[in-house]
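Enquirer:
2 protein chains.
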Amino acid sequence: MVPANDLLLRALRREPVTHVPVWLMRQAGRYLPEYNVVRRKAGSFMALATSPALATEVTLQPLSRFPLDAAILFSDILTIPDAMGLGLSFAEGEGPRFAHPLRDEAAIARLAVPDLARLRYVFDAVAEIKRALHGRVPLIGFAGSPFTLAAYMIEGRGSDDGFAMVRRMAYARPDLLMHIVDVNAAAVTAYLRAQIDAGADVVMLFDTWGGLLPAQAFQRFSLEPMRRVLAGLQRAVPTIVFSKCGDSDARLAALAASGASCVGLDWTVDLARARAGIGTTVALQGNLDPAVLTADVETVVREARALVDAAGAAPGYVFNLGHGIVPQTPPDHVAALVAAVHDASRQK
Amino acid sequence: MVPANDLLLRALRREPVTHVPVWLMRQAGRYLPEYNVVRRKAGSFMALATSPALATEVTLQPLSRFPLDAAILFSDILTIPDAMGLGLSFAEGEGPRFAHPLRDEAAIARLAVPDLARLRYVFDAVAEIKRALHGRVPLIGFAGSPFTLAAYMIEGRGSDDGFAMVRRMAYARPDLLMHIVDVNAAAVTAYLRAQIDAGADVVMLFDTWGGLLPAQAFQRFSLEPMRRVLAGLQRAVPTIVFSKCGDSDARLAALAASGASCVGLDWTVDLARARAGIGTTVALQGNLDPAVLTADVETVVREARALVDAAGAAPGYVFNLGHGIVPQTPPDHVAALVAAVHDASRQK
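These protein sequences, in sequence, are chains X and R.
What the first sequence shows, in my numbering, is residues 1 to 348, in sequence order.
What the second sequence shows, in my numbering, is residues 1001 to 1348, in sequence order.
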């Protein structure tokens, strides 16, 4: 069933659109008071993420407030390693933590693609959100990239030294890192296929930490496994790949050739320059600095219009932030942003 | 007086060398047991940094162990804002903190270039290190970039959200951020000139956080002020500019045209590609991933040789890490690294 609002799907296929579609990374989240109510009620982040009913409720919250052109599944990229038995939890205000990080060769050797039944709550959420959307807008499913998952699985948590332990493994034991990444790639492929089967209209890969790798290691441990995932999806739906890798011509060109329909840009990338370098073979998504949304409304509108201008006239552009919404964002700034993107692009 | 070992100066002038010079960011630091002894004796980081005798002692420590081709002043980039009255301290294991960050317009308006007499301990250290070196190797002085200093001065400390408060100011109140950066540029210029007057043979600008800015803001708040600093030094000595901005062709090209003698590369940059893109108009420095030094000696030697190969045959290359040495680094790995760089480049 084609959604009533098919702007996103058209843009991802690089077809002409009446105006630019917009959605925002972390559009369901802590900047919304109604999200915080549900989050408190659930008791923990994982309780919220593993309840299809609650995940559906918070997924739809931003769509009730703003005329966004897509919904994105409320979940977390670390559901897969959790299902592998690593024991995911979120300490209040501290980010993710694994009870059993991959710290020795035996644990790495034991690693296997998890039984998808352990992730059924995700696919149930996708199906329930789809029903609740009534075809209003497309639903985006997602997964972490094989490397980004590996980074957390090895480190056991976020990192304040650029995941130096993971980079060390890339040099000292590339065989071990490659094994983790290979298992992850198979798991991510199966996971995204199941999300598509449950109704996801688009799927996205988040490669949050691939940009920390040197050039050759990025190709080997981050990009190549993502290519395998994308190939394994056999173009069942449009795909978006987001790698926080800065305005690197070489890496953006490689991502554009990865098999994804669309490359998501982080906020440091010069959008006009990226489009000129990449050409029109893929759609581009991005890349307003999330810090703009914490400034004043006038600034929000000005910067949004500037970005729509920078995107140019070529079809295949999706407006988004260059990283997730920050919790300090006033919701009315998001309203102003969405209106500005729609208005500015209608005038073009 | 030309140092007995003038490899670094020759490489920075892009003159032929018998072998590649090597020094390492944070070569005097916590990975050395003898540094930790002095650090404990001093009581606090600032007590160590403000004592010319102790700063001289720790500056020379790595040169006693390894045949490094340069010394770098032991100090911190935040001495300037401290001299401006912001009250610098280092909490144990937590990084820098300012007692009086720039949180309101009045404080920003009051900001002024500090009396250089308040920084005399730095210039005294430069002079004392020069005497102690007896012309063995050149001494590198340094400062933070105007933007990187501004980032800490506004945030008051390091940041786990990419200095979002600072980026917000870049959009909402560019006039205020520009004022801070302008004052910093004047202060940094005077500070580096005084280091040169005291005997520094080379000076380096550390732009640790400019890479967090979007493309246009990088030009305006990070790059342009560095150009002014470099112009203000009037080529008195060779200069190195290091901006942690990833393998961005556009930013590296801009840094190469900044007026610096040499561009320092972070570990994510493809050195061979950077050289091909930038050409031979400036020297390049870098860029081994510091995580390599925490692997095994065989890996250290292999990766060092690969980087010397990637640097190619053009004169104007200085071996370094792509970021500072991490405290977990075994000192004998540094010995193996320095030997490998010298050996590999002698064979070329």
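Positions of the beta carbon are idealized from the N, C-alpha and C atoms, including for glycine.
From a predicted model like this one, the values you see are computed outputs, not experimental measurements.
Count Cβ pairs between the segment 208 to 227 of chain X and the segment 1205 to 1225 of chain R that sit closer than 8 Å; are there 3 or more?
Expert: Short answer: they don't touch.
Enquirer: In whole angstroms, give me the CA-to-CA distance for X:A313 and X:A11.
Expert: Taking the straight line joining both Cα atoms gives about 12 Å.
Enquirer: Helix, strand or coil for R:Q1347? Go by DSSP, reduced to three states.
Expert: Reduced to three states, the DSSP call for R:Q1347 is helix.
Enquirer: If you draw a straight line from the C-alpha of X:D201 to the C-alpha of X:R26, how long is it?
Expert: If I take the Cα positions, the gap works out to 18 Å.
Enquirer: Which value, in whole angstroms, describes the spacing of the CA atoms of R:M1084 and R:E1155?
Expert: Straight-line Cα distance between these residues: approximately 16 Å.
Enquirer: Rounded to the nearest angstrom, what separates X:F123 and X:A194 at their Cα positions?
Expert: If you take the alpha carbons of X:F123 and X:A194, they lie about 7 Å apart.
Enquirer: By alpha-carbon positions, which one of X:G324, X:S145 and X:G162 ends up nearest to X:D266?
Expert: Measuring from the Cα of X:D266, the nearest candidate turns out to be X:G324.
Enquirer: For X:T299, which residues in chain R fall below 8 Å Cβ to Cβ?
Expert: Under the 8 Å cutoff, chain R gives Y1171 and A1172.
Enquirer: Who are the near neighbours of X:H100 in its chain, counting only those whose CB is closer than 6 Å to its CB and skipping five residues on each side?
Expert: L86 and G87.
Enquirer: Hey, could you find the ends of the beta strand (DSSP E) R:L992 is sitting in?
Expert: Any answer about residue 992 of chain R is impossible in this case: the structure gives chain R only from 1001 up to 1348.
Enquirer: Over the uninterrupted alpha helix (DSSP H) stretch that includes X:A170, give me the two end residues.
Expert: Taken as a continuous stretch (DSSP letters only), the alpha helix (DSSP H) holding X:A170 covers A164 to A172.
Enquirer: Could you give the distance in angstroms between the alpha-carbon of X:R97 and the alpha-carbon of X:A151?
Expert: Taking the straight line joining both Cα atoms gives about 12 Å.
Enquirer: Are the segment 20 to 37 of chain X and the segment 53 to 67 of chain X touching, with three or more C-beta to C-beta distances below 8 Å?
Expert: Yes, since at least three Cβ pairs between the segment 20 to 37 of chain X and the segment 53 to 67 of chain X fall closer than 8 Å, the two stretches touch.
Enquirer: What would DSSP say about X:T299, mapped onto helix, strand or coil?
Expert: Three-state DSSP puts X:T299 in a helix.
Enquirer: Please state if the CB of R:S1064 and the CB of R:S1145 are separated by a distance shorter than 8 Å.
Expert: Not a contact, by the Cβ cut-off of 8 Å.
Enquirer: 8 Å is my cut-off, CB to CB: does X:C245 come that close to chain R?
Expert: Chain R, which has a Cβ nearer than 8 Å to the Cβ of X:C245, makes this yes.
Enquirer: Would DSSP call X:G210 helix, strand or coil?
Expert: Residue state, collapsed to three classes: helix.
Enquirer: If you draw a straight line from the C-alpha of X:V263 to the C-alpha of R:A1339, how long is it?
Expert: Their Cα atoms are separated by approximately 43 Å.
Enquirer: Anything in the segment 190 to 212 of chain X with a Cβ closer than 8 Å to a Cβ of chain R? List those residues in chain order, please.
Expert: Those would be G211 and L212, in chain order.
Enquirer: With 9 Å as the C-beta to C-beta threshold (strictly closer), list the residues of the segment 1132 to 1162 of chain R near chain X in chain order.
Expert: Cβ contacts with chain X come from G1158, D1160, D1161 and G1162.
Enquirer: Check the C-beta distance from R:L1233 over to R:N1184 and give it rounded, since I have them as a contact under 8 Å.
Expert: Contact doesn't hold; Cβ gap of about 15 Å is too wide.
Enquirer: I want to verify the contact list: residues of chain R whose CB lies under 9 Å from the CB of X:T329, in sequence order.
Expert: Near X:T329 there are no residues of chain R at all, since even the closest Cβ is about 10 Å away, more than 9 Å.
Enquirer: Using a Cβ-Cβ cut-off of 8 Å, state whether R:E1303 counts as contacting chain X.
Expert: Output row for R:E1303: interface = yes.
Enquirer: At a CB-CB cut-off below 8 Å, which residues of chain R make contact with X:D270?
Expert: P1214, A1215, Q1216 and A1250, listed in chain order.
Enquirer: Quick check on DSSP: helix, strand or coil for R:A1142?
Expert: Note that residue 1142 of chain R is Phe in the sequence shown here, rather than Ala. It is a strand residue.
Enquirer: Would R:R1168 pass as an interface residue toward chain X - the criterion being a Cβ-Cβ separation below 8 Å?
Expert: By this cut-off, R:R1168 is an interface position.
Enquirer: From the DSSP output, read off the bridge partner residues of X:M204.
Expert: In the DSSP output, where bridge partners are listed per residue, X:M204 has X:F142 and X:I240.
Enquirer: Comparing alpha-carbon positions, which option in X:L7, X:T18 and X:G316 lies nearest X:Q347?
Expert: Of the listed residues, the one whose Cα sits closest to X:Q347 is X:T18.
Enquirer: For R:L1337, which residues of its own chain have a beta-carbon under 6 Å away from its beta-carbon, when the five flanking residues on both sides are left out?
Expert: Around R:L1337: V1300 and A1304.
Enquirer: Rounded to whole angstroms, what is the Cα-Cα separation between R:P1138 and R:L1048?
Expert: When rounded, the distance between both Cα atoms is 22 Å.
Enquirer: If the criterion is Cβ atoms closer than 8 Å, does the pair X:A283 and X:R14 meet it?
Expert: It is a contact, given that the beta carbons lie within the stated cut-off.
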